[in-house]
Amino acid sequence: MNNNEKKLHHLLHRTGFGPTPELIDRFSGMAIPDVQKEIFSDAEIIQDLTIIPRPDTNDKGEVRPLKVVVLVLKSQKEKELLNLAWIDRMAVAQAMLREKMTMFWHNHFATSANFGWLMQVQHNLLRKHALGNFATMLHEISKDPAMILWLNNQENKKDAPNENFAREVMELFTLGEGNGYSENDIKQAARAFTGWAVNKKGEFEFREKDHDDGEKELFGKKGNFGGEDIINMLLEKEQVSIFIARKIYKWFVNHEVDEERVDELAKKFRSSKYDISDLMQYIFSSSWFYDEENIGCNIVTPVELIVRLKKLCKLEVDDQQMLALQQVLGQTLFLPPNVAGWKPGRAWINSTSLVQRMHLPKAMLDSGTARLNKRPAFEEQNNGKPAADEKVKVKTEWKLLVDHFTKKSDAELTEAIIDFLILSPNDRIDRQLIEKNIDASNRERRVITTIAAVMQTPEFQIV
Amino acid sequence: MSNYSRKDFIKLAGLVSASMLLPNFLRGNNKHAAKLINKLSLPQTNGNRLVVIQFSGGNDGLNTIVPFADDLYHSNRPGLGLSGAEIIKINDQLAFNNNLAGLADLHNEAHVALLNSVGYPNPNRSHFRSMDIWQSASDENKYLQTGWIGRWLDATCDPKNIKPHLALEMDETLSLALKGETMNGLAMRNPGRLELILKDPLMETIGEAWTPHDDDHHNVEYLHKTLAEVSKSAGYLHEHLFKHNAKAIYPQHAFGQQMKLVAELILADCETPVYYVSLPGFDTHAAQKDHQNKQLKVYGDTMKAFAQDMKDSGLWNNTLVMTFSEFGRRVKQNASKGTDHGTANVMMFAGGSLKKNGALNAAPDLSDLDNGDLKFKVDFRQVYATVMQNWLGANSEIILGNSFPTLDFV
Chain A
213 MNNNEKKLHH
223 LLHRTGFGPT
233 PELIDRFSGM
243 AIPDVQKEIF
253 SDAEIIQDLT
263 IIPRPDTNDK
273 GEVRPLKVVV
283 LVLKSQKEKE
293 LLNLAWIDRM
303 AVAQAMLREK
313 MTMFWHNHFA
323 TSANFGWLMQ
333 VQHNLLRKHA
343 LGNFATMLHE
353 ISKDPAMILW
363 LNNQENKKDA
373 PNENFAREVM
383 ELFTLGEGNG
393 YSENDIKQAA
403 RAFTGWAVNK
413 KGEFEFREKD
423 HDDGEKELFG
433 KKGNFGGEDI
443 INMLLEKEQV
453 SIFIARKIYK
463 WFVNHEVDEE
473 RVDELAKKFR
483 SSKYDISDLM
493 QYIFSSSWFY
503 DEENIGCNIV
513 TPVELIVRLK
523 KLCKLEVDDQ
533 QMLALQQVLG
543 QTLFLPPNVA
553 GWKPGRAWIN
563 STSLVQRMHL
573 PKAMLDSGTA
583 RLNKRPAFEE
593 QNNGKPAADE
603 KVKVKTEWKL
613 LVDHFTKKSD
623 AELTEAIIDF
633 LILSPNDRID
643 RQLIEKNIDA
653 SNRERRVITT
663 IAAVMQTPEF
673 QIV
Chain B
426 MSNYSRKDFI
436 KLAGLVSASM
446 LLPNFLRGNN
456 KHAAKLINKL
466 SLPQTNGNRL
476 VVIQFSGGND
486 GLNTIVPFAD
496 DLYHSNRPGL
506 GLSGAEIIKI
516 NDQLAFNNNL
526 AGLADLHNEA
536 HVALLNSVGY
546 PNPNRSHFRS
556 MDIWQSASDE
566 NKYLQTGWIG
576 RWLDATCDPK
586 NIKPHLALEM
596 DETLSLALKG
606 ETMNGLAMRN
616 PGRLELILKD
626 PLMETIGEAW
636 TPHDDDHHNV
646 EYLHKTLAEV
656 SKSAGYLHEH
666 LFKHNAKAIY
676 PQHAFGQQMK
686 LVAELILADC
696 ETPVYYVSLP
706 GFDTHAAQKD
716 HQNKQLKVYG
726 DTMKAFAQDM
736 KDSGLWNNTL
746 VMTFSEFGRR
756 VKQNASKGTD
766 HGTANVMMFA
776 GGSLKKNGAL
786 NAAPDLSDLD
796 NGDLKFKVDF
806 RQVYATVMQN
816 WLGANSEIIL
826 GNSFPTLDFV
């Protein structure tokens, strides 16, 4: 692979879900800045997910209340539907960078409220601002109904403040744990957010009677602050740009953070008044982004892996199994492990998840079967029904990939496939072992089984 | 740990602790000695095994071990409080929820200990955060990336001979509790999953090809190393799985079946000293009684079956089962016949060689509350220190990063 090809592959991994025959055909031979321009132009497309209908309402437009148990069950199913629809979307979306950024923000503002329709509203809000302005996004997500319910601001009232949102907006969304705020700042900020609630129509509502309009003192200032004032005070802090830039660096450049680069990015982010698109363009056009150490260095996230396989060979399993697969790999969309979201990097890897990651390509051969735990329905899980080991039907199509390697001779094939699929240092890949394990009975089988074998290397998990 | 005598063990332990002076004959071709040295890469727990049971969701301790004699208990919980035939008395203050009949039977044999009011300062009522605190054994205001069992592996295992199955979690994914700095435990919900690696020549060969490097900095190296470890443990566990059938009857509930698997591994003389099993479903904000009772029955029945299998094989004296939850619940019931997130909670212990049994301390004081929640009397890390020090024979100060006074029930 020449240097320009390597850069292109790297860019496609970071801005989307890796190279595919289609993307390589489209971009090969183009200068990297021109490719980048096209990727950002594609990302302008904003297409909402609209899979969950608005719940039943009465004549005042109020959502009919449901029993807690029914609500939890219903929302669980709805979140699963959203999950599946989003996975499918990511696999076909032209706006791949927007989808990828939406996933970044879903992890940043990790929410899993018991209300599928509101989760969909939030999801579309994140997509809308994914490459927009962080300040605007922060203001809007703070008034987002799913967020308000998730972080208990609904219970945050003048007489009984609930500090959950005030704490997380500082700890997780803007400053980072222990970075420039005190327990008292949290208490004061919680008072400012009192009365921020969700009404029966599922919309944001400011409830004056629940709001504490007394004087608050925080961050060295005194005043009758409201929630918006707090968010603005936070956005004035330099630390916000550093915290967000560091996280973006982790997810889009390298899990191993280079603090000098982070400072450089933070400065850029501040000078553009939190323009996310501007920041991302800056990253992808920096020469250090293409340094050897930043290429093929990150462990691919479970969702990226699944989407990549869907894009490369149309991986399909039935709905419950797609959810089970995400569960085993450790990342179920709309079901983050906690408010802090998923941890990137080595946290993805454990005995079960690694074996499952490496087993999947083998299962994909011949549209074969994979061993997965058959996931009991949600109701049954709650009753402790054991997950049964079951062979799961996996569907795939290899034609796109087979055609892509038409011009390569049998002798060149393994190397060409490694070049196409692996970006990390690949000298440890045992070519002989791969060639010993493939089915060379005809050309098509040779290509398919070689691809599957290369996908079974640990190196394939690194992008 | 059965192929050699305790005398051998002590002799060799002496040799290894002076490993700088390792005689040449042990390094070379003396097969017998090499085998024994290899054995010493195991943590030296004197054959003791620990099974940790996690009640996920915040179990209501007050309806588990019930302070039935306290009027405040009943006045705070009209309709939810337990009395009469719903309880099995332990002493004049405390009683088992009668769904724990299995555990109560073990208690009659002096094989159960109960520790009330366990918690930590400034309790966090978030499931996630509080669970992280319990699993990492951190201060309430510190965020650790490693867990107490993971750090026990770090402190006691030979880094050159990593065996993730020495701390085995019966789950899909590995909990923070079992993640260490350099070593991790192994998560195994379904043994079939691990067999995948053994039936796949490519995966197995790649795993076997790995040799230790000093530098596992790059993620490629890290994945190769993890695969090699898993591959080794998969082979080991495969040899020990389904060799012995547990004879007792376990509930047909995922938790019961996981504990059955633990029993079968122990019966097959698996070298794993620490097992970790979760029973979820304790987040009982509404209609608590039926739901919690069902969970406790599964737990109580499982405990009885598990103890029976251990007793029948003479292993109960070397077994300690410790049960905890991330927090207890509020004293006062809420408007939907449930309870909300609370603080301090009861911990339960079972085993054949407890030094003290029954209620180890006073019933929780319901008249002295902090904002409606129980005040903690025992720091949970005292319990960890006790278990590590007295039961697993490890240095708890290294593992917990602090010295905590130990208790005397094990």
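In order, the protein sequences belong to chains A and B.
Just so you know, we're using the working numbering here: the first sequence kicks off at 213 and counts up by one.
Just so you know, we're using the working numbering here: the second sequence kicks off at 426 and counts up by one.
Each residue gets a CB set at the ideal place from its N, CA and C atoms; glycine is no exception.
This structure is a prediction, so every number in the text was calculated from the model and none was measured.
| field | Amino acids of chain A, ordered along the chain, whose beta-carbon sits closer than 8 Å to that of alanine 810 of chain B | value | In the second sequence, the residue the question calls residue 810 of chain B occupies position 385. The contacting residues do not exist; alanine 810 of chain B stays about 26 Å from chain A at best.
Taking only beta-carbon positions, decide if glutamine 673 of chain A is within less than 7 Å of chain B.
-> Locating residue 673 of chain A in the first sequence gives position 461, counting from the first residue. At least one chain B Cβ lies under 7 Å of glutamine 673 of chain A.
Exercise for review: Can you have a look at aspartate 833 of chain B and say buried or exposed, based on whether 16 or more other CB atoms are within 10 angstroms of its CB?
Suggested key: If you number the second sequence from 1, residue 833 of chain B lands on position 408. Exposed is the call here.
Review point. So is the beta-carbon of tryptophan 573 of chain B under 6 Å away from any non-hydrogen atom of the ligand NAD?
Key: In the structure shown, the ligand NAD is absent, as is every other ligand, since no ligand is present at all.
Item checked: Proximal chain B residues relative to valine 540 of chain A, where beta-carbon distance stays under 7 Å -> Start at 1 with the first residue of the first sequence, and residue 540 of chain A comes out as number 328. Proximity of chain B to valine 540 of chain A at the Cβ level (cut-off 7 Å) is accounted for by Glu597, in chain order.
Next item on the list: Give a yes or no on whether the minimum CB-CB distance between valine 282 of chain A and chain B is below 7 Å.
Entry: Translated into the one-based positions of the first sequence, residue 282 of chain A becomes position 70. Closer than 7 Å to the CB of valine 282 of chain A there is not a single CB belonging to chain B.
My parser needs the beta strand (DSSP E) runs of 3 or more residues fully inside the stretch 516-571 of chain A; what are they? none
**Message:** So glutamate 420 of chain A and glycine 439 of chain A are supposed to be a Cβ contact under 8 Å. How far apart are they, rounded?
**Reply:** As a working note, residue 420 of chain A is residue 208 in the first sequence. As a working note, residue 439 of chain A is residue 227 in the first sequence. With 8 Å as the limit, glutamate 420 of chain A and glycine 439 of chain A do not qualify as a contact, their Cβ atoms being about 13 Å apart.
_Could you compute how far the alpha carbon of glutamine 683 of chain B sits from the alpha carbon of isoleucine 360 of chain A?_
Working through the second sequence from its first residue, we reach residue 683 of chain B at position 258. Working through the first sequence from its first residue, we reach residue 360 of chain A at position 148. Just so you know, the alpha carbons of glutamine 683 of chain B and isoleucine 360 of chain A end up roughly 38 Å apart.
Requested in this report: Could you list which residues in chain B have their beta carbon closer than 7 Å to that of serine 685 of chain A, in chain order?
Outcome: Residue 685 of chain A lies beyond the stretch modelled for chain A, which goes from 213 to 675, so this question has no answer here.
Practice prompt. Indicate the three-state DSSP secondary structure (helix, strand or coil) for tyrosine 486 of chain A in the structure shown.
Written response: To locate residue 486 of chain A, count along the first sequence from 1; it is residue 274. Coil.
Practice prompt. Just the chain B side, please: which residues come within less than 7 Å of glutamate 389 of chain A by C-beta, in chain order?
Written response: As a position in the first sequence, residue 389 of chain A is number 177, starting the count at 1. Within chain B, the residues near glutamate 389 of chain A are Tyr568.
Just confirm the distance between the C-beta atoms of proline 492 of chain B and leucine 528 of chain B, as a whole number of angstroms; I'd bet it's less than 8 Å. What you label residue 492 of chain B is simply residue 67 of the second sequence in a count that begins at 1. What you label residue 528 of chain B is simply residue 103 of the second sequence in a count that begins at 1. Incorrect: roughly 17 Å between the Cβ atoms, too far for contact.
Next on the checklist: For isoleucine 507 of chain A, tell me which candidate among A:Arg482, A:Asn345 and A:Trp463 has the shortest Cα-Cα distance.
Outcome noted: As a working mapping, residue 507 of chain A is identified with position 295 in the first sequence. Nearest option by C-alpha distance: A:Trp463.
Item checked: Selected residue, minimal CA-CA separation from asparagine 364 of chain A, among A:Pro548, A:Thr323, A:Gly344 and A:Asp397 -> In the first sequence, the residue the question calls residue 364 of chain A occupies position 152. Ranking the options by Cα distance to asparagine 364 of chain A, first place goes to A:Thr323.
query = By a C-beta neighbour count over all protein chains shown, 10 Å radius and 16 as the cutoff for buried, is lysine 567 of chain B buried or exposed?
reply = Position 142 of the second sequence holds residue 567 of chain B. By the neighbour-count definition (other C-beta atoms within 10 Å, threshold 16), lysine 567 of chain B is an exposed residue.
(request) Could you spell out where the beta strand (DSSP E) holding glycine 840 of chain B opens and where it closes? (result) With chain B covering 426 to 835 only, the question about residue 840 of chain B has no answer from this structure.
_Given this structure, state the Cα-to-Cα distance separating glutamate 450 of chain A from arginine 658 of chain A, to the nearest angstrom._
Sequence index remark: in the first sequence, residue 450 of chain A carries index 238 (1-based). Sequence index remark: in the first sequence, residue 658 of chain A carries index 446 (1-based). If I take the Cα positions, the gap works out to 56 Å.
- [ ] Please check the pair alanine 680 of chain A and proline 373 of chain A, which I expect to be a contact at CB under 8 Å, by giving their CB distance rounded to whole angstroms.
- [x] Residue 680 of chain A falls outside the range modelled here, since chain A spans only 213 to 675, and no answer is possible.
What does DSSP give as the partner residue(s) for serine 750 of chain B in the beta ladder?
Residue mapping note: residue 750 of chain B aligns to position 325 of the second sequence, counting from 1. B:Phe480.
- DSSP three-state call for leucine 461 of chain B: helix, strand or coil? Here residue 461 of chain B refers to the residue found at position 36 of the second sequence. Its pLDDT being 42, under 50, leucine 461 of chain B is placed unreliably by the model, and nothing is read from it.
Where does glutamate 375 of chain A fall in DSSP's three states?
Locating residue 375 of chain A in the first sequence gives position 163, where the first residue counts as 1. Three-state result, glutamate 375 of chain A: coil.
Exercise. Between the beta-carbon of glutamate 689 of chain B and the beta-carbon of histidine 669 of chain B, is there less than 7 Å?
Worked result: For the purposes of this step, residue 689 of chain B is taken as residue 264 along the second sequence, with counting starting at 1. For the purposes of this step, residue 669 of chain B is taken as residue 244 along the second sequence, with counting starting at 1. Yes.
request  = Measuring only between beta-carbons, confirm whether leucine 740 of chain B sits less than 7 Å from chain A.
outcome  = What you label residue 740 of chain B is simply residue 315 of the second sequence in a count that begins at 1. Cβ-Cβ to chain A under 7 Å: no for leucine 740 of chain B.
ask   = Taking the runs of the alpha helix (DSSP H) that are 4 residues or longer, which of them lie wholly in the stretch 258-323 of chain A?
value = 280-304 and 308-320
- request: In angstroms with no decimal places, state the Cα-to-Cα distance between leucine 387 of chain A and glutamine 570 of chain B.
  value: The residue given as residue 387 of chain A occupies position 175 in the first sequence. The residue given as residue 570 of chain B occupies position 145 in the second sequence. Cα to Cα, the separation comes out at about 20 Å.
Check: What does methionine 570 of chain A reach in chain B if we use C-beta pairs closer than 7 Å?
Finding: Against the first sequence, residue 570 of chain A aligns to sequence position 358. Chain B residues near methionine 570 of chain A: Met628.
query: Are the stretch 289-304 of chain A and the stretch 529-546 of chain A touching by the rule of at least three beta carbon pairs closer than 8 Å?
result: yes
* **Between the CA atoms of phenylalanine 680 of chain B and methionine 595 of chain B - distance to the nearest angstrom** => Along the second sequence, read from residue 1 onward, the residue named residue 595 of chain B stands at position 170. Along the second sequence, read from residue 1 onward, the residue named residue 680 of chain B stands at position 255. Between the alpha carbons of methionine 595 of chain B and phenylalanine 680 of chain B lies a distance of about 9 Å.
Exercise for the section: Would you identify the three-state DSSP class for glycine 681 of chain B, choosing helix, strand or coil? Expected result: Working through the second sequence from its first residue, we reach residue 681 of chain B at position 256. Helix.
So is alanine 623 of chain A buried or exposed if we call it buried at 16+ other beta carbons inside 10 Å?
-> Here residue 623 of chain A corresponds to residue number 411 of the first sequence, with the count starting at 1. Alanine 623 of chain A should be labelled exposed.
Within chain B, the residues that proline 245 of chain A reaches when beta carbons sit closer than 7 Å:
Here residue 245 of chain A corresponds to residue number 33 of the first sequence, with the count starting at 1. Chain-ordered listing is empty here: chain B has no CB closer than 7 Å to the CB of proline 245 of chain A, the nearest sitting near 29 Å.
query = Who pairs with glutamate 429 of chain A in a beta bridge, going by DSSP?
reply = Position 217 of the first sequence, counted from the start, is the residue given in the question as residue 429 of chain A. Paired residues: A:Lys434.
Do you know offhand how far isoleucine 490 of chain B's Cα is from phenylalanine 437 of chain A's?
-> As a first step, residue 490 of chain B is located in the second sequence; it is residue number 65 there, counting from the start. As a first step, residue 437 of chain A is located in the first sequence; it is residue number 225 there, counting from the start. Going by the C-alpha atoms only, they are around 47 Å apart.
* Asked: What does glycine 776 of chain B pair with, by DSSP beta-bridge criteria?
  -> As a first step, residue 776 of chain B must be located in the second sequence, where it is residue number 351. B:Leu745.
Three CB pairs or more closer than 8 Å across the stretch 544-555 of chain B and the stretch 742-755 of chain B:
yes
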